[in-house]
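In this note's numbering, the protein residues as written are 4 to 149.
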């Protein structure tokens, strides 16, 4: 939270228009930010791990967008269901887009170089996910002032 507080004090930063985007482990991290009630307008998790909010996570103030590959072997179907159920129980503002055929790391052009099963770049899905991200951010943050 100290980093967020420092960011909010910077010249040119509107503290009411801050969001966080994370990829892979960063995607898991931004979800945890939302669960803990960190004061950001929204978070976007791109092919991140899907931890479900805990029953006491009823103070989720951030809008949440999850972009997930349907063929991502690192997130199990039961984790998806637990995430969805937990978000509903928390009364959170959330949405999830699942991209058919997309694997983990679909937005990372270097994913294929790792040679791991289940990790693959997909340019078309990456473009669609980027568009979903920018649309979400525009919706939750509104137009910049000044």
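Just so it is clear, CB atoms sit at the ideal spot from N, CA and C, and this is done for glycine as well. Only a predicted model underlies this, so the values are computations on that prediction, with no experimental measurement involved.
- Would you report the Cα separation of residue 107 and residue 14, rounded to the nearest angstrom? Here the question's residue 107 lines up with position 104 in the chain shown. Here the question's residue 14 lines up with position 11 in the chain shown. One C-alpha to the other measures close to 37 Å.
Bridge partners of residue 70, per DSSP? On the chain shown, residue 70 is found 67 positions in, with the first residue counted as 1. Answer is 49 and 100.
* Asked: So what's residue 22 in DSSP terms, helix, strand or just coil?
  -> The residue labelled residue 22 in the question sits at position 19 within the chain shown. Residue state, collapsed to three classes: strand.
Is it a yes or a no for the region 6-20 touching the region 61-80, going by three-plus beta-carbon pairs under 8 Å?
no
Proximal residues to residue 19 (C-beta, below 6 Å), its chain only, five neighbours per side dropped
Your numbering for residue 19 matches position 16 in the chain shown. Hits under 6 Å: none found.
From residue 111 to residue 117, what does the alpha carbon distance come to, in whole angstroms? Taking the chain shown and counting its residues from 1, one reaches residue 111 at position 108. Taking the chain shown and counting its residues from 1, one reaches residue 117 at position 114. Roughly 11 Å between the two C-alpha positions.
Strand pairing of residue 107, partner residues [DSSP]: The residue you call residue 107 lines up with position 104 of the chain shown. Its beta-bridge partners are 122.
In terms of residues, what are the limits of the alpha helix (DSSP H) holding residue 58?
Position 55 of the chain shown, counted from the start, is the residue given in the question as residue 58. Residue 58 -> no alpha helix (DSSP H), and no H or E assigned at all.
Please report the residue range of the alpha helix (DSSP H) in which residue 5 lies. For this step, residue 5 is matched to residue 2 along the chain shown. Per DSSP, residue 5 belongs to the alpha helix (DSSP H) from 5-11.
Original post:
From 10, 22, 8 and 11, pick the residue whose C-alpha is nearest to that of residue 143; which is it?
Top reply: Along the chain shown, read from residue 1 onward, the residue named residue 143 stands at position 140. Comparing Cα positions, the closest option is 22.
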